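The sequence shown maps to residues 432 to 576 in the numbering used here. Heads up, the beta-carbon is just placed ideally off N, CA and C, and yes, glycines get one too. Please read these numbers as outputs of a predicted model, since none were measured by experiment. Remarks on the structure that follows.
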Amino acid sequence: MRCLMVFAGIVLVAGCERSAGTTSGPGVGPSSAVPPVSEADRKAMNADMTQLGLTMYLFHDDTGKAATGVADLAPKMEGAERLIKKINDGGIIVNWGKWIEAKWWAYEKDAPIRGGYMIVPDPARNNEMRAREVTADEAKRILGK
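Have a look at this one:
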């Protein structure tokens, strides 16, 4: 019984220490002022960024030019109100008017702080723009910050 109580005490202390400072995810740690992102939020952002990238390709295929604002993409984003809201609210920063020559198309606002998703060229796919998760340092390097 005593052994069980000691084990429970160790687990409790270890759990408290972990929750007091450490979190997971790129660029997130005890000194980070930005709250951690849940796995569900990361999956949703990946889906949003993938949809944004595909919509930017569709717009270009239809018009022969890069989108210059969310109004250009909105007709092709039916049912993507959450994504449109993130763009309009500044949660996703978009490099409007840029095409394949750009170093990036879009990124999560906090990517340079804690890491996150960006739409960037994928060298493994002939530099096709794709959503991928980057660290804070990678985001800063890509953005030139």
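Contact annotation: Glu539 and Gly528 have beta-carbon atoms that are not nearer than 7 Å. Just measuring C-alpha positions, the residue of Gly495, Ala567, Leu504, Ala498 sitting nearest Met549 is Ala567. For Val565, the secondary structure class from DSSP, reduced to helix, strand or coil, is strand. The beta carbon of Trp530 lies closer than 6 Å to those of Ala497 in the same chain, with the five residues before and after it left out. DSSP, read as helix, strand or coil, puts Gly547 in strand.
Straight-line measurement puts the Cα of Ile515 at about 8 Å from the Cα of Ala505. When rounded, the separation of the alpha-carbon atoms in Pro467 and Val525 is 23 Å.
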